[in-house]
Amino acid sequence: MDWQRASRAGVEARRNPVSSAVGAGGAAGAARAGRPPVAVGVPAAVPARKPTKAKLSYKDARELAMLPDRIQALETEQAAIAERVADGSLYASALEEAKALHARLEAIDAELTLSLQRWEELEARQVQGG
Numbered sequence: 002m003d004w005q006r007a008s009r010a011g012v013e014a015r016r017n018p019v020s021s022a023v024g025a026g027g028a029a030g031a032a033r034a035g036r037p038p039v040a041v042g043v044p045a046a047v048p049a050r051k052p053t054k055a056k057l058s059y060k061d062a063r064e065l066a067m068l069p070d071r072i073q074a075l076e077t078e079q080a081a082i083a084e085r086v087a088d089g090s091l092y093a094s095a096l097e098e099a100k101a102l103h104a105r106l107e108a109i110d111a112e113l114t115l116s117l118q119r120w121e122e123l124e125a126r127q128v129q130g131g
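Numbers given in the numbering used here equal positions in the sequence shown, counted from 1, plus 1.
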């Protein structure tokens with residue numbers, strides 16, 4: 002008789018898992034039966050994946066190695082142009098050249114900013130990736 006009742010309970014559990022857990026006493030009934038309680042209707046927790054250590058690609062590593070020299074060259078060019086622009090006689094004798102130098106200074110500023118940001122980004126990835 003006991004096996005018949007267990008068989009019916011198993012069939013009922015497959016038909017309606019929520020009501021069978023409640024009908025069998027839920028977690029308390031499962032504990033009395035010597036089984037660990039099972040959360041019904043709740044998906045099993047998926048273990049979180051460890052973030053993979055992203056190493057720098059060959060291209061990024063080469064770019065990182067070349068950035069300090071590139072930044073140094075831009076700063077040197079910027080200083081040379083700033084020195085020429087600081088000379089007041091340039092505006093009197095070569096106005097178009099002065100305008101071109103100012104345009105180049107703005108371009109250098111933009112390129113320098115981008116290069117510094119990229120350097121910081123690659124350095125952070127290199128440190129993070131190990």
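By construction, the Cβ of each residue, glycine as well, lies at the ideal position given by its N, Cα and C atoms.
The model shown is predicted, which means the values in this text are computed figures rather than measured ones.
DSSP-derived helix/strand/coil call for residue i
i: LEU91; result: helix
i: SER116; result: helix
i: LEU65; result: helix
i: LEU57; result: coil
i: ALA111; result: helix
Per-residue burial, residue i [other beta carbons within 10 Å of its own, 16 or more giving buried]
i: LEU115; result: exposed
i: ALA22; result: Summary for ALA22: the model assigns pLDDT 49, below 50, so the residue's position carries little reliability, and this model does not support an answer.
C-beta atoms of residue i and residue j nearer than 8 Å
i: LEU65; j: LEU57; result: yes
i: ALA99; j: LEU91; result: yes
i: TRP120; j: ILE82; result: no
i: GLU84; j: ILE109; result: no
i: LEU123; j: ASP61; result: yes
i: HIS103; j: VAL128; result: no
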